[in-house]
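Numbering (the numbering used here), first residue to last: 2 to 232.
Backbone N, C-alpha and C define an ideal beta-carbon position, used for all residues, glycine too.
Read through the structure below, which is laid out as structure tokens, and then see the notes.
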């Protein structure tokens, strides 16, 4: 297997309101209890929809929960990850995640190229960080790029990119890889509850070419969403 499996789970829906939710809502209306409108089943049909949904339902999204459930049982992804190294065994990756002064981009990039497989053509990934509209431009990565299969993780990194300070320019990249010509590693975390990020670490030298960007106003920030190709 030279390529990672294509992860394309759309459309993704949460569960419809169950009988308990409906009965409670009816009782609240009948007794004049404080209540919200009955929850409506949500469906996302593509990566852009998923980002917009995530920004609007950052906490407690049934769609995100369903996406994660499907990832955990995805047979091809599990098979691909079984051939990948454990995070605990990667000294350069741990230094990278800690933003340590010991971090060497070349060492980590060598590891990604050694253990990695090519991203599947057509794969869409998400990256969160900082970017202003005036800074949107094509660039080539000079170190491995951390991305995720889940936009909620990208949103977290966008909001918290400059911790402990707030991020004045949160941004989420929707990265489409049309050619499958870049290598990436999906490290195994090796601990219960640690697989949620579904991180995909892409080798340096990747070209990011923006095709569209737009702003999304959330309760806490104005988030720049950038759609781009990755090659």
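Contact under 8 angstroms by Cβ, residue 141 with residue 206: In the chain shown, counting from the first residue as 1, residue 141 sits at position 140. In the chain shown, counting from the first residue as 1, residue 206 sits at position 205. Here residue 141 is near residue 206, since their CB atoms are less than 8 angstroms apart.
Classification of residue 124 by the beta-carbon crowding that lies within 10 angstroms, buried from 16 upward: As a first step, residue 124 is located in the chain shown; it is residue number 123 there, counting from the start. The residue is buried, with at least 16 neighbouring Cβ atoms inside 10 Å.
Neighbour-count burial assignment, residue 115, 16 or more Cβ in a 10 Å radius: Translated into positions along the chain shown, residue 115 becomes position 114. In this structure residue 115 is exposed. Its beta-carbon is surrounded by fewer than 16 other beta-carbon atoms within 10 angstroms.
Enclosing beta strand (DSSP E) for residue 184 [first to last residue]: In the chain shown, the residue the question calls residue 184 occupies position 183. Where residue 184 is concerned, the enclosing beta strand (DSSP E) stretches over 184-186.
Alpha-carbon spacing of residue 183 relative to residue 202, whole angstroms: Residue 183 sits at position 182 when you count from the first residue of the chain shown. Residue 202 sits at position 201 when you count from the first residue of the chain shown. Each residue's alpha carbon lies about 10 angstroms from the other.
Touching by the beta-carbon criterion (3+ pairs, under 8 angstroms), the segment 52-59 and the segment 147-158: The segment 52-59 is in contact with the segment 147-158.
Beta-ladder partner(s) of residue 174, from DSSP: Taking the chain shown and counting its residues from 1, one reaches residue 174 at position 173. 128 and 227, per the DSSP bridge assignment.
Sequence-distant residues of its chain with Cβ nearer than 8 angstroms to residue 7 (five each side left out): What you label residue 7 is simply residue 6 of the chain shown in a count that begins at 1. So the list reads 121, 122, 123 and 124, once near-sequence residues are dropped.
Beta-carbon proximity list for residue 73, same chain, < 6 angstroms, skipping 5 on both sides: Residue 73 sits at position 72 when you count from the first residue of the chain shown. The answer is none, since no qualifying residue turns up.
Residue interval of the beta strand (DSSP E) (run including residue 143): Taking the chain shown and counting its residues from 1, one reaches residue 143 at position 142. Note, residue 143: premise wrong, no beta strand (DSSP E); not H, not E.
Ordered list of alpha helix (DSSP H) runs contained in the segment 63-110, each at least 4 residues: List check, alpha helix (DSSP H) in window: 63-73, 76-83 and 92-98.
Whole-number beta carbon distance between residue 147 and residue 231, since they are thought to touch under 8 angstroms: Along the chain shown, one-based indexing puts residue 231 at 230. Along the chain shown, one-based indexing puts residue 147 at 146. The pair is not a contact, with the Cβ atoms about 13 angstroms apart (cut-off 8 angstroms).
Between the CA atoms of residue 42 and residue 15 - distance to the nearest angstrom: Residue mapping note: residue 15 aligns to position 14 of the chain shown, counting from 1. Residue mapping note: residue 42 aligns to position 41 of the chain shown, counting from 1. A direct Cα-to-Cα measurement between residue 15 and residue 42 gives close to 6 angstroms.
Backbone secondary structure at residue 134 - three-state DSSP: As a first step, residue 134 must be located in the chain shown, where it is residue number 133. The three-state secondary structure of residue 134, taken from DSSP, is helix.
Nearest to residue 175 (by Cα), restricted to the options 75, 91, 212 and 24: The sequence position of residue 175 within the chain shown is 174, counting from 1. Nearest of 75, 91, 212 and 24 to residue 175, Cα basis: 212.
Inter-residue Cα distance where the pair is residue 118 and residue 86: On the chain shown, position 117 is the one that residue 118 refers to. On the chain shown, position 85 is the one that residue 86 refers to. Rounded to the nearest whole angstrom, the CA to CA distance from residue 118 to residue 86 is 12 angstroms.
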